[in-house]
Structure formats: structure tokens, C-alpha cells
Amino acid sequence: MYLPKSEKELKVIKALMEYPDRDWGLNDIVEESEVSKTTVWRSVNRLEERNYVFTSEVGKSKLVKVKNRKVLKRILKASRAEIDELEEAAKRFVEEIQKFEEVKKCVLFGSVARGTADLNSDIDILILLQGRDEKTEDEISQIAEKISSEESVRIMPDLMEKERFELMEKHEDGFAENIKEEGITLYEEDNNE
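Counting along the sequence shown from 1, when you hit position 127 you're at 1008 in this note's numbering, and nothing is skipped either side.
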């Protein structure tokens, strides 16, 4: 089965499938998918080569319409299955590291959290710690490496002191804002214990 070459190509397919009966201009796809015009153009050409979309010229504009909904749905479903595998690996990792008392919160972010990942995507996990302990950090890294190897994925732990992250949130830091918008909390210590 055809699989998208990249996360961006998957975004193009998702955009087209939002309104499969629509005649899309390239600029419309760019706006909907938030992908560059060059990438949209290449993706449309690849989809057209496989007979998944029709293209037509109206004046100087190229219009695109979904031809084979069934196949594009399967592609999206397959990509969802890939994302589910990555999420499961992330959950397994978090289950193993929450035993450390320094670990206060774990947040999945990046393409896996957005639902735009493929099997080549990193699994980005922000781990908020109470204080810094080199031994604990080394053990967390070793667990990430072990699960990455066993699951054939790349878990990328981003270790940070909880207080530092809270300060970043207070100052509306871009990274902290991104975590708030797209992050999925996989673990948070219950403060009532």
C-alpha cells in the first residue's frame, strides 16, 4: 500500500479528505494543510500518479479532486495505526519512569501528540522533575534507549525541572505555549497523596 513520504504529505491527504467532494485549488490545500506550495504540488503529483486524485486546469489554476476515497481513507487509517503504536510505546516508557520520585509529570508532544506522525517520527516526551539528579536522569535515558530498541522507535525524553517549566509558562515561552496547546499528559503526580 502507498504510504505518504512525510508528515507533510499526510497533512495534504488529511486536508483533501476533510471535503472530498470539493474542487481544491493548490492555494486552498496550502491553507488547509499548512504545508508549503511546493510540497502540496509534489504530493498532489504523487497522488495523481496513483490515480487517487483528479487534476484539471481552469485558466492558469490547477484544481484537485479526490478520486479514490476508499484508498485515501485506508492510508489515513494506516497512519493512525502507526500513531497508536508510537503512543503505546510512549505509555510503556512513562509507566516505567513514574516509579522515580523525582518524576512529577510526563507530557507527550510533537507529531505523535498532533496525530501527524509516521513510523519514522520521534516520540517526544517532556518529563518534569522535582530537582535534578544525574543518576535518575541516566536511568531514565537508559529506559528510553531500552524501549526504543525493543519497540523499534525513537523515544526522546526532554528532562526539565518543574520549576523552570512553570517559569517558562509564566513568561509565555514558545515551547511552554506549544506544550499547553498540543501536549497530552500521560502522567501527573497526584498532589493529594
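Each residue gets a CB set at the ideal place from its N, CA and C atoms; glycine is no exception.
With distances taken between CB atoms, is the gap from residue 988 to residue 1036 smaller than 8 Å?
-> What you label residue 988 is simply residue 107 of the sequence shown in a count that begins at 1. What you label residue 1036 is simply residue 155 of the sequence shown in a count that begins at 1. Result no, Cβ atoms of residue 988 and residue 1036 do not sit closer than 8 Å.
Straight-line CA distance for residue 1051 to residue 953?
-> Your numbering for residue 1051 matches position 170 in the sequence shown. Your numbering for residue 953 matches position 72 in the sequence shown. Each residue's Cα considered, the two are about 42 Å apart.
Contiguous alpha helix (DSSP H) assignments of at least 4 residues, all confined to the segment 919–978 = Within the segment 919–978, the runs of alpha helix (DSSP H) at least 4 residues long that lie entirely inside it are, in chain order, 950–978.
Let me know the secondary structure DSSP gives residue 909 once reduced to three states.
-> Residue 909 sits at position 28 when you count from the first residue of the sequence shown. Per DSSP, reduced to three states, the secondary structure at residue 909 is helical.
Is there contact here, the segment 967–984 with the segment 1028–1035, by at least three beta-carbon pairs under 8 Å?
-> With contact defined as three or more Cβ pairs closer than 8 Å, the segment 967–984 and the segment 1028–1035 are in contact.
Straight-line gap, residue 887 to residue 916 (C-alpha atoms, nearest Å) | For the purposes of this step, residue 887 is identified with residue 6 of the sequence shown, where counting begins at 1. For the purposes of this step, residue 916 is identified with residue 35 of the sequence shown, where counting begins at 1. Each residue's alpha carbon lies about 11 Å from the other.
Would a C-beta distance cut-off of 8 Å place residue 1064 and residue 1007 closer than the cut-off?
-> In the sequence shown, residue 1064 corresponds to position 183, counting from 1. In the sequence shown, residue 1007 corresponds to position 126, counting from 1. In this structure, residue 1064 sits near residue 1007, with a CB-CB distance shorter than 8 Å.
Roughly how many angstroms lie between the CA atoms of residue 983 and residue 942, to the nearest whole one?
-> Here residue 983 corresponds to residue number 102 of the sequence shown, with the count starting at 1. Here residue 942 corresponds to residue number 61 of the sequence shown, with the count starting at 1. The alpha-carbon atoms of residue 983 and residue 942 are separated by roughly 57 Å.
Grouping DSSP H, G and I as helix and E and B as strand, with all else coil, what is residue 1056?
-> As a working note, residue 1056 is residue 175 in the sequence shown. Collapsing the DSSP output to three states places residue 1056 in a helix.
Cβ pair count under 8 Å reaching 3, the segment 963–970 against the segment 993–1002 = Under the Cβ criterion (8 Å, minimum of three pairs), the segment 963–970 counts as touching the segment 993–1002.
Going by the beta-carbon positions, is the gap between residue 935 and residue 951 smaller than 8 Å?
-> The sequence position of residue 935 within the sequence shown is 54, counting from 1. The sequence position of residue 951 within the sequence shown is 70, counting from 1. Result no, Cβ atoms of residue 935 and residue 951 do not sit closer than 8 Å.
In angstroms with no decimal places, state the Cα-to-Cα distance between residue 1058 and residue 1049.
-> As a position in the sequence shown, residue 1058 is number 177, starting the count at 1. As a position in the sequence shown, residue 1049 is number 168, starting the count at 1. Within the model, the alpha-carbon separation for residue 1058 versus residue 1049 is close to 9 Å.
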